[in-house]
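A.B. asks: Mind having a look at this structure? Questions to follow.
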Ligand code: B1M
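Structure follows, in structure tokens:
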């Protein structure tokens, strides 16, 4: 018999194959899909977050764990479509204009999804005009922007300016991150928040929607 603890461990170990298999087994054995996600998959990811923050787990292992979590989520997600899986809110995530780095962004997306957000992946090299257009169409609660280059982080400022010009700034929170970005820069451009890593990005998003 499969156990929730085994599934959490498979995620922690970054074992996608096992995570997929155990998620299916638990569902087949009658475990509630939400318990499979909240206790099994997210249970493993929570421990990853703790160890990543403590500096005892590193990026490749975090990526593997995030992939293992996604593999399990893909099995269970269709089953909870009609259940009360309450979303914490909608986040629009992208890498800014002229920047193609997406490993960190994807990690942030996975942590946000693990925390219970609906995430729209806007992709990479996304211009301020496109972000604003998407905000008008998709009405996210939060925009998350990632930048890895000192040159491209300036597009975060342009995006906030454009949101102001379009009268949208009060309707959406803006969070930023990426290696060259800092809290000082976030303050300078009047973003609503900055996080140094994927784990704290999910915590930040939760606090911005009053769910922390
Ligand atoms: Co590029 N690159 N790269 N690169 N690259 C860096 C960023 C660089 C620091 C390398 C160096 O010179 N030491 C340097 C930038 C220098 C600078 O501007 N300060 C650099 C450069 C110069 C370039 C090119 C210009 C190189 C060239 O062509 N001459 C070019 C630019 C291309 C472009 O974007 N237009 C380029 C290209 C590439 C590759 C395509 C080869 C590849 C990207 C592949 C991909 O992403 N699919 C690449 C890579 C892999 C790197 C390094 C080696 C690793 C980046 C990474 O993925 N880290 C990087 C050097 C480094 O950082 N050590 C480098 C792992 C990832 C998990 O961390 O992205 O920081 P990170 O994300 C973290 C946090 O920052 C945070 O959470 C994540 C997880 O904890 N975070 C957020 C990120 N976004 C967040 C958003 C949030 C909150 C937190 O809220 C919304």
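In the working numbering, the protein residues as written are 4 to 215. Cβ coordinates follow ideal geometry from the N, Cα and C atoms, glycine included.
(1) Could you tell me if residue 141 is buried or exposed, where buried requires 16 or more neighbouring beta carbons within 10 angstroms of its beta carbon?
(2) In terms of residues, what are the limits of the beta strand (DSSP E) holding residue 148?
(3) Tell me residue 98's beta-bridge partners as DSSP assigns them.
(4) Beta carbon of residue 149: closer than 6 Å to some heavy atom of the ligand B1M?
(5) Identify, in the order they occur along the chain, each residue of the same chain with its Cβ nearer than 8 Å to the Cβ of residue 114, setting aside the five sequence neighbours on each side.
(6) Classify residue 45: buried if its beta carbon has 16 or more other beta carbons within 10 angstroms, exposed otherwise.
(7) Taking just the CA atoms, how far does residue 75 sit from residue 119?
(8) Are the beta-carbon atoms belonging to residue 146 and residue 177 less than 7 Å from one another?
(9) Starting from residue 121, follow its DSSP beta bridges and name the residues at the other end.
(10) Around the Cβ of residue 190, are there at least 16 other Cβ atoms within 10 angstroms (buried) or fewer (exposed)?
(11) Cβ of residue 194 versus every heavy atom of the ligand B1M: is any distance shorter than 6 Å?
(12) With respect to the alpha helix (DSSP H) encompassing residue 52, which residues constitute its N-terminal and C-terminal limits?
(13) From residue 130 to residue 167, what distance separates their C-alpha atoms?
(14) Suppose contacts are defined by Cβ-Cβ distances below 7 Å. Is residue 18 in contact with residue 71 by that definition?
(15) With DSSP run on the structure shown, which of helix, strand or coil describes residue 127?
(16) Comparing the C-beta of residue 215 with each C-beta of chain D, is any distance below 7 Å?
(17) At what residues does the alpha helix (DSSP H) containing residue 202 begin and finish?
(18) Leaving out five residues before and five after residue 105 in sequence, what residues of the same chain have Cβ atoms less than 6 Å from its Cβ?
(19) Beta-carbon within less than 6 Å of residue 9's beta-carbon, same chain only, minus the 5 sequence neighbours each way: which residues are those?
C.D. replies: Checking against the coordinates, here is how it stands:
(1) Its Cβ having fewer than 16 others within 10 Å, residue 141 is exposed.
(2) Per DSSP, the continuous beta strand (DSSP E) segment holding residue 148 begins and ends at 145 to 149.
(3) As computed with DSSP, residue 98 is found in a beta bridge with 149.
(4) With a cutoff of 6 Å, residue 149 counts as near the ligand B1M, since its C-beta is closer than that to a heavy atom of the ligand.
(5) Here residue 114 has 48, 52, 69, 201, 202, 204, 205 as same chain residues with Cβ atoms under 8 Å from its own Cβ, once five neighbours each way along the sequence are excluded.
(6) Answer is buried; the Cβ neighbour count reaches 16.
(7) Distance from the CA atom of residue 119 to the CA atom of residue 75, rounded to whole angstroms, is 15 Å.
(8) Taking 7 Å as the Cβ cut-off, residue 146 and residue 177 qualify as a contacting pair.
(9) As computed with DSSP, residue 121 is found in a beta bridge with 93.
(10) An exposed status is given to residue 190, since fewer than 16 other beta-carbon atoms sit within 10 Å of its beta-carbon.
(11) No, the ligand B1M has no heavy atom inside 6 Å of this Cβ.
(12) Per DSSP, residue 52 belongs to the alpha helix (DSSP H) from 45 to 56.
(13) Each residue's alpha carbon lies about 16 Å from the other.
(14) Going by beta carbons, residue 18 and residue 71 fall inside the 7 Å limit.
(15) Three-state DSSP puts residue 127 in a strand.
(16) Annotation note: the requested chain D is absent from the structure, which comprises a single protein chain.
(17) Start and end: 201 to 211.
(18) The residues 98, 127, in chain order, have a CB closer than 6 Å to that of residue 105 in the same chain once the five nearest residues on each side in sequence are set aside.
(19) Once the five neighbours on either side are set aside, the close Cβ partners of residue 9 are 25.
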